[in-house]
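Numbering (the working numbering) for the sequence shown: 65 to 299. What follows is a single structure, written as structure tokens, with notes after it.
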Amino acid sequence: MKSQAVLISPSIMCADLCNLEDSVRKIENEGINTLHIDVLDGYFSPSMPLGLGTIRALRKITDMDFDVHIMSNNNEFFIKEMIDIGVQQITFHYESSTHIDRHLKLIKKNGIKAGIALNPATSLNDLDYILPMCDTVMLMLMNPGFAADKNEKQVAYAEEKISDLYKMIKKKGLETDIEVDGRVSLEVIPKLVKAGANILVAGSTSLFRSERSIAENKKIMEEGIAKGLKLREEN
């Protein structure tokens with residue numbers, strides 16, 4: 065499998081929610097063309113940061129790619145809403161899906177990249193038959209919806225799980241993206257990239273780290289990515 069470029073996907077829920085358009089412009093000004101948008105129903109994950117109306121409003125003010133992560137017990141409803149809004153990637157959770165094949169086909173039929181998200185404890189074995197249908201697999205590195213709880217840590221087996229997925233993808237001859245979400249901090253980025261991650265959801269511990277500007281944090285992220293890629297090549 066060829067080495068893939070590593071993409072920074074800023075989580076809009078970690079930006080200034082009282083000044084969303086200004087936040088989007090600051091991200092755009094740094095040459096970042098992807099926005100990570102969490103869609104939550106308040107049941108699958110105990111949080112509801114952005115409503116559908118807000119996402120529609122965001123779509124009107126920017127041409128950035130929308131990388132949507134659905135955390136819901138009713139995936140089909142939100143998938144159809146995101147298709148209507150006009151997003152570039154939709155990822156939904158394996159754990160809350162009964163008709164996974166149907167949902168993946170629905171997304172891809174509309175010319176949108178499709179992905180499956182796995183909670184920390186969900187086995188990679190569950191991907192065996194559906195992996196070829198996935199443009200992306202998102203690995204949650206902490207339990208969904210608990211980012212505000214600073215006592216909630218990234219799972220200890222994060223690197224191992226990423227590495228195992230990377231090997232699985234390589235063995236099948238695929239080029240599936242590995243997206244990681246949850247405490248993707250400046251400190252751990254080299255390790256996550258070394259293990260095989262190539263889409264980093266950037267939140268309050270990286271791009272939006274409060275003690276520095278977005279530009280400064282992006283530079284540190286890029287340095288960490290370069291270090292991780294070098295370590296991967298040497299491995």
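Where is the CB? At the ideal position from N, CA and C, for every residue including glycine.
Three-state secondary structure assigned by DSSP to residue i
i, result
"Leu266", "A small correction: the amino acid at residue 266 is Ala; Leu does not occupy that position in the sequence shown. The answer is strand: DSSP assigns Ala266 an E or B state."
"Glu313", "The structure shown does not extend to residue 313, since the chain spans only 65 to 299, so no value can be given for it."
"His163", "coil"
"Asp86", "helix"
"Leu71", "strand"
"Asp190", "helix"
"Leu170", "helix"
"Thr195", "Note on residue identity: the sequence assigns Leu, not Thr, to residue 195. Reduced to three states, the DSSP call for Leu195 is helix."
Pairwise C-alpha distance: residue j and residue i
i, j, result
"Ser75", "Leu114", "11 Å"
"Gln218", "Arg123", "31 Å"
"Tyr221", "Val132", "25 Å"
"Ile125", "Glu85", "7 Å"
"Thr300", "Leu250", "No information on residue 300 is available, as it lies outside the stretch 65 to 299 that the chain covers here."
"Met65", "Glu239", "Below a pLDDT of 50, predicted positions are generally treated as unreliable, and Met65, at 32, falls in that range; the measurement from the model is reported next regardless. The alpha-carbon atoms of Met65 and Glu239 are separated by roughly 6 Å."
"Asn174", "Ile284", "36 Å"
"Ile91", "Leu170", "30 Å"
"Pro208", "Asn93", "29 Å"
"Ile149", "Leu99", "14 Å"
"Thr310", "Ala181", "In the structure displayed, the chain extends from 65 to 299; residue 310 sits before or after that span and is not available."
"Lys235", "Asp192", "11 Å"
"His167", "Gly179", "10 Å"
Beta carbon of residue i nearer than 8 Å to that of residue j
i, j, result
"Leu229", "Leu264", "no"
"Ile134", "Ile147", "no"
"Ile226", "Ala266", "no"
"Phe130", "Ile143", "no"
"Asp102", "Met128", "no"
"Leu271", "Ile72", "yes"
"Asn137", "Asp165", "no"
Assumed close pair residue i, residue j - CB separation to whole angstroms, cut-off 8 Å
i, j, result
"Val70", "Ile289", "5 Å"
"Thr200", "Asp245", "Not quite, the Cβ-Cβ distance comes to about 11 Å (not below 8 Å), so this is no contact."
"Glu159", "Met202", "Their Cβ separation, rounded to whole angstroms, is 12 Å, which puts Glu159 and Met202 out of contact at 8 Å."
"Leu41", "Arg247", "Residue 41 is absent from the model: the chain starts at 65 and stops at 299."
"Ser161", "Asn139", "6 Å"
Residue range of the unbroken beta strand (DSSP E) whose run includes residue i
i, result
"Met204", "Thr200 to Met204"
"Lys177", "Lys177 to Leu182"
"Glu145", "Premise fails: Glu145 lies in the alpha helix (DSSP H), Asn139 to Ile149, not in any beta strand (DSSP E)."
"Met135", "Asp129 to Met135"
"Asp241", "Asp241 to Asp245"
"Ile101", "Thr98 to Leu104"
"Pro254", "Pro254 -> not in any beta strand (DSSP E); alpha helix (DSSP H) instead, spanning Ile253 to Ala259."
"Gln153", "Gln153 to His157"
Residue i - containing alpha helix (DSSP H), residue span
i, result
"Thr343", "The structure shown does not extend to residue 343, since the chain is modelled only from 65 through 299, so no value can be given for it."
"Ile233", "Ala222 to Lys235"
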